[in-house]
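Residue numbers (UniProt numbering): 1 to 390.
All C-beta atoms, glycine included, are put in the ideal place defined by N, C-alpha and C.
For clarity, every value in this text was computed on a predicted model and none was experimentally measured.
Down below is the structure, laid out as structure tokens.
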């Protein structure tokens, strides 16, 4: 049983790395496609908004059907959708087809993200925080190499369509391994028994105060990571007159700091609780973003990766501890509601950029770091009520 858990967690580690590697290519792809099709900021912003909403809706749908299909089958479905949509990029000859395939990829990405976190959290037991941090280390490793890889390959003559299509091959290999693993698990009831034993007595209504506090925290914790991934290269090129490769280097530092930060936080969580961890990340990011705009040094934005990297895994751990391992539908709802609102605010960066310049639009994201810190304090304040409610 222990070996099977570890091997399954390693497989989840690889899967997260693959889908996050593909996802990390989007900021470079957006910049290339924007020039190739002469798009304005609003088009990119609208695509991000629609695809983001679709992704978040998929997390809620996944939270419901994963209870029936199981995490392994749900992950195979999500990974197939992601891989097929990215492979099909090789046929892109119009912006309409690109838009459709990117939106389809984000649907699959949403399925995979929720399942990977819920599955790993279930297998983790009492060490959920550290296990999820290790899981996200795989995601960070995938994310960290994407921008530089695509920049270098484009620079030596490969088309972005070919690069995207080839990036999907590991996804199909992982699907085969997951299918074989699923066939083996059907002959062994260990995982099914673990799921049954994990059922919590806690029940929360979707409209309850604590649920909406977590939605607020979700928005603020994710908006900087996705905002940088979507807008940083465009921001750096427009305000600093950098080339694609030069801007990608700063983004690579941001993403490359994720594995380092997650290793550090994996140790740090032995000494501080999740609330303090999130508070440190929000306040630290606020300071670094402010320093970047005051000193006009992009490296401070890159360094926010050391703090941003901890937010999603710690937040998922907090939600699973708060609501229970069997609450994939409620956690899916929180991810959907928070994610949709988050993408609306990321979309607003492009709208503000068209009106007042991309510097003002991108800089507006600092506001969410302050609100995020406030949400943590409010969640912490409800802790006695949560315990008595359980």
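**Q.** Neighbourhood of residue 89 by C-beta, 7 angstroms cutoff - its chain only, sequence neighbours within 5 removed
**A.** Excluding residues within five positions, the ones whose Cβ falls inside 7 angstroms are 101, 161, 164 and 165.
Q: Taking only the alpha-carbon atoms, compute the straight-line gap between residue 17 and residue 294 and give it to the nearest angstrom.
A: 34 angstroms
Q.
Looking at residue 268: is its Cβ nearer than 8 angstroms to the Cβ of residue 130?
A. no
Q. Is it a yes or a no for the region 275-286 touching the region 319-335, going by three-plus beta-carbon pairs under 8 angstroms?
A. Because the criterion of three Cβ pairs below 8 angstroms is not met, the region 275-286 and the region 319-335 do not touch.
Q. Would you report the Cα separation of residue 92 and residue 98, rounded to the nearest angstrom?
A. 6 angstroms
**Q.** Own chain residues within Cβ distance below 8 angstroms of residue 382, not counting five before or after
**A.** 209, 210 and 213
**Q.** Length of the line joining the Cα atoms of residue 255 and residue 40
**A.** 26 angstroms
Q: Express the C-alpha separation of residue 55 and residue 78 in angstroms, rounding to a whole number.
A: 11 angstroms
**Q.** Candidates 251, 223 and 339, of which the one nearest residue 365 by Cα
**A.** Closest by alpha carbon: 223.
(Q) For the structure I just gave you, are there three or more beta carbon pairs, one from the region 16-36 and one from the region 139-149, closer than 8 angstroms? (A) yes
Q: Mind reading off the beta-carbon distance from residue 375 to residue 317? Whole number of angstroms is fine, and I expect it under 8 angstroms.
A: Rounded, the Cβ-Cβ distance is 16 angstroms, inconsistent with contact.
Q) Closest by CA to residue 152, which one among 75, 252, 121 and 362? A) 252
Q) Whole beta strand (DSSP E) runs in the region 291-326 with 3 or more residues, listed along the chain? A) Counting whole runs of 3 or more residues, the region 291-326 contains no beta strand (DSSP E) stretch at all.
Q | Alpha-carbon spacing of residue 356 relative to residue 235, whole angstroms | A | Answer to the nearest angstrom: the Cα atoms are 13 angstroms apart.
Q. So which of 38, 57 and 276 has the shortest CA-CA distance to residue 95?
A. 38
Q) Helix or strand or just coil, what does DSSP make of residue 205? A) coil
Q: Could you please give the first and the last residue of the uninterrupted alpha helix (DSSP H) stretch that includes residue 92?
A: Taken as a continuous stretch (DSSP letters only), residue 92 belongs to no alpha helix (DSSP H), as it is neither H nor E.
Q.
According to DSSP, is residue 158 part of a helix, a strand, or is it coil?
A. coil
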